[in-house]
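Contents: one structure, followed by commentary.
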Amino acid sequence: MTTPSKVSYLTVDAEQAGQRLDNFLMKHLKGAPKSLIYRIVRSGEVRVNKGRADVTYRMLEGDQVRVPPLRLSEPQPRLESEQAARGPALPIVFEDEALLVINKPAGLAVHGGSGVSFGVIEQLRALRPTAKFLELVHRLDRETSGLLLVAKKRSALVALHEMLRDDRGIDKRYLALVKGCFPDPRRHVRFKLLKYVTESGERRVRVGPEGQEAHTVFNRHRRFSDATLLEAELKTGRTHQIRVHLAQAGFPILGDDKYGDFTLNKLLPRQGLKRMFLHAWRLRLPHPLTGVPLELEAALPQELSSYLDSLEVLGDD
Numbered sequence: 001m002t003t004p005s006k007v008s009y010l011t012v013d014a015e016q017a018g019q020r021l022d023n024f025l026m027k028h029l030k031g032a033p034k035s036l037i038y039r040i041v042r043s044g045e046v047r048v049n050k051g052r053a054d055v056t057y058r059m060l061e062g063d064q065v066r067v068p069p070l071r072l073s074e075p076q077p078r079l080e081s082e083q084a085a086r087g088p089a090l091p092i093v094f095e096d097e098a099l100l101v102i103n104k105p106a107g108l109a110v111h112g113g114s115g116v117s118f119g120v121i122e123q124l125r126a127l128r129p130t131a132k133f134l135e136l137v138h139r140l141d142r143e144t145s146g147l148l149l150v151a152k153k154r155s156a157l158v159a160l161h162e163m164l165r166d167d168r169g170i171d172k173r174y175l176a177l178v179k180g181c182f183p184d185p186r187r188h189v190r191f192k193l194l195k196y197v198t199e200s201g202e203r204r205v206r207v208g209p210e211g212q213e214a215h216t217v218f219n220r221h222r223r224f225s226d227a228t229l230l231e232a233e234l235k236t237g238r239t240h241q242i243r244v245h246l247a248q249a250g251f252p253i254l255g256d257d258k259y260g261d262f263t264l265n266k267l268l269p270r271q272g273l274k275r276m277f278l279h280a281w282r283l284r285l286p287h288p289l290t291g292v293p294l295e296l297e298a299a300l301p302q303e304l305s306s307y308l309d310s311l312e313v314l315g316d317d
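Heads up: the sequence shown is residues 1 to 317, going by UniProt numbering.
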């Protein structure tokens with residue numbers, strides 16, 4: 001069954017300002033497929049301030065948006081809510097009026113796209129249909145677990161992005177278990193990183209002189225007979241930075257299916273490790289609106305801590 005709608009006029013408020021037009025419309029047109037939204041924008045049926053606009057247009061406070069009559073499927077919002085309920089739990093580590101921090105499970109993408117229809121942000125929006133604003137502050141790889149920042153206000157998102165651009169405002173720490181004996185208690189790694197796309201369309205990163213500056217500090221935590229637990233301290237925030245830096249340094253992360261030791265990875269599930277051993281365990285930052293220092297932690301997931309317990313310990317650092 002479908003329900004026709006009438007022409008509607010929407011006014012962009014301060015919290016909505018800065019969003020792309022397509023994302024703005026998707027939040028207001030519950031159940032509308034993205035293809036429909038792109039079509040009505042391209043055809044000129046959607047008007048911003050009485051004129052045509054591209055889907056990439058960034059909304060300004062006070063913009064007037066005309067939305068044409070549409071026939072939308074009624075069950076879609078309920079289906080989204082059911083999918084969110086069936087999805088993996090999203091444990092909340094911290095929440096106030098401006099910020100939400102969750103402990104993302106491994107295997108869950110942070111947003112839909114690239115063959116994934118439902119990610120963390122879509123799940124949060126389905127679970128909180130009355131929330132006016134929910135936006136990712138940064139990303140975690142699908143295979144990586146741990147702390148993920150979500151802004152609940154536009155002002156918080158802008159402030160947090162400024163901190164991330166500064167490369168000093170937010171202290172992000174990860175735990176990674178790597179192949180072999182990492183010899184240094186502390187090591188600075190600076191390899192320039194270049195993003196590229198494989199022939200199959202997969203996003204990858206490699207080291208190259210034409211790439212972006214990237215800096216990671218690795219602190220040795222525990223030594224095992226054939227592996228080392230490291231804390232990675234991000235000084236820059238490039239795509240796959242920790243994974244590529246460690247692989248290039250000769251210490252690939254256990255279970256990394258893009259940059260790891262593929263022969264070793266085949267043996268790991270039988271030994272008890274069924275995922276990549278990378279976890280975003282600690283965040284230190286000033287609150288984006290109040291400036292109050294925040295220190296947030298997420299303990300290693302059970303599947304990772306259990307695997308560590310099965311290894312032969314050589315020493316702690």
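All residues carry an ideal CB built from backbone N, CA and C; glycine is no exception.
Among residues of its own chain, excluding the 5 on either side of residue i, which ones have a beta-carbon nearer than 6 angstroms to its beta-carbon?
{"i": "P121", "result": "Residue identity differs from the one stated: residue 121 is Ile in this sequence, not Pro. Cβ neighbours of I121 beyond the five flanking positions: H111, L136."}
{"i": "G119", "result": "A109, V110, H111, G112"}
{"i": "R47", "result": "R66"}
{"i": "L229", "result": "L177, H221, R222"}
Enumerate in chain order the residues of its own chain whose CB-to-CB distance from residue i is below 8 angstroms, with the five nearest sequence positions on each side excluded.
{"i": "Y9", "result": "Q64, V65, R66, V67"}
{"i": "L164", "result": "V137, H138, I170, G237"}
{"i": "V7", "result": "R66, V67, P68, P69"}
{"i": "E82", "result": "Annotation note: pLDDT 47 at E82 (below 50); position unreliable, coordinate value reported separately. Excluding sequence neighbours, E82 sits near nothing in its chain."}
{"i": "I242", "result": "Y174, A176, T216, A232, L234, I253, L278"}
{"i": "T11", "result": "G62, D63, Q64, V65"}
Could you check if residue i is buried or exposed, using at least 16 other CB atoms within 10 Å of its CB as the buried criterion?
{"i": "A14", "result": "exposed"}
{"i": "G272", "result": "exposed"}
{"i": "D226", "result": "exposed"}
{"i": "K34", "result": "exposed"}
{"i": "N49", "result": "exposed"}
{"i": "K104", "result": "buried"}
{"i": "T144", "result": "buried"}
{"i": "Y307", "result": "buried"}
{"i": "G260", "result": "buried"}
{"i": "R275", "result": "buried"}
{"i": "V101", "result": "buried"}
Tell me the rounded alpha-carbon separation between residue i and residue j.
{"i": "K172", "j": "L108", "result": "20 angstroms"}
{"i": "E233", "j": "R187", "result": "10 angstroms"}
{"i": "H287", "j": "R139", "result": "19 angstroms"}
{"i": "L283", "j": "L304", "result": "19 angstroms"}
{"i": "F24", "j": "Q16", "result": "7 angstroms"}
{"i": "P91", "j": "R20", "result": "29 angstroms"}
{"i": "L149", "j": "A106", "result": "16 angstroms"}
{"i": "Y196", "j": "K152", "result": "32 angstroms"}
{"i": "D309", "j": "Q302", "result": "10 angstroms"}
{"i": "L70", "j": "G211", "result": "46 angstroms"}
{"i": "M26", "j": "L267", "result": "44 angstroms"}
{"i": "M59", "j": "L289", "result": "22 angstroms"}
{"i": "S155", "j": "F133", "result": "11 angstroms"}
{"i": "residue 329", "j": "G51", "result": "Look at the range of the chain in this structure, 1 to 317, and you will see that residue 329 is not part of it."}
{"i": "N219", "j": "L175", "result": "10 angstroms"}
{"i": "I253", "j": "L278", "result": "7 angstroms"}
{"i": "A299", "j": "G62", "result": "44 angstroms"}
{"i": "G255", "j": "K179", "result": "10 angstroms"}
{"i": "P183", "j": "A249", "result": "11 angstroms"}
{"i": "R204", "j": "K258", "result": "8 angstroms"}
{"i": "F94", "j": "Y38", "result": "36 angstroms"}
{"i": "V313", "j": "P269", "result": "20 angstroms"}
{"i": "A53", "j": "V292", "result": "40 angstroms"}
{"i": "G208", "j": "A131", "result": "43 angstroms"}
{"i": "G146", "j": "A89", "result": "13 angstroms"}
Classify residue i as helix, strand or coil using the three-state DSSP reduction.
{"i": "T263", "result": "helix"}
{"i": "V292", "result": "coil"}
{"i": "N103", "result": "strand"}
{"i": "I92", "result": "strand"}
{"i": "A299", "result": "coil"}
{"i": "R125", "result": "helix"}
{"i": "L25", "result": "helix"}
{"i": "K192", "result": "coil"}
{"i": "residue 341", "result": "The structure shown does not extend to residue 341, since the chain spans only 1 to 317, so no value can be given for it."}
{"i": "Q271", "result": "helix"}
{"i": "L36", "result": "helix"}
{"i": "V197", "result": "strand"}
{"i": "R42", "result": "helix"}
{"i": "residue 404", "result": "The structure shown does not extend to residue 404, since the chain spans only 1 to 317, so no value can be given for it."}
{"i": "L308", "result": "helix"}
{"i": "V120", "result": "helix"}
{"i": "V158", "result": "helix"}
{"i": "R238", "result": "coil"}
Tell me, please, whether the CB atom of residue i is closer than 8 angstroms to any CB atom in chain C?
{"i": "D184", "result": "Absent here is chain C; the protein component of the structure consists of one chain."}
With DSSP as the reference, identify every bridge partner of residue i, one or two as the case may be.
{"i": "N219", "result": "R186, E231"}
{"i": "I253", "result": "V178"}
{"i": "G146", "result": "K104, A280"}
{"i": "K172", "result": "L283"}
{"i": "E135", "result": "A151"}
{"i": "V48", "result": "G51, V65"}
{"i": "S8", "result": "V67"}
{"i": "R20", "result": "R58"}
{"i": "V313", "result": "F224"}
So, at 7 angstroms on beta carbons, what are the nonlocal neighbours of residue i in its own chain, with the 5 sequence-adjacent residues on each side left out?
{"i": "I40", "result": "V46, P68"}
{"i": "E213", "result": "K192, T236"}
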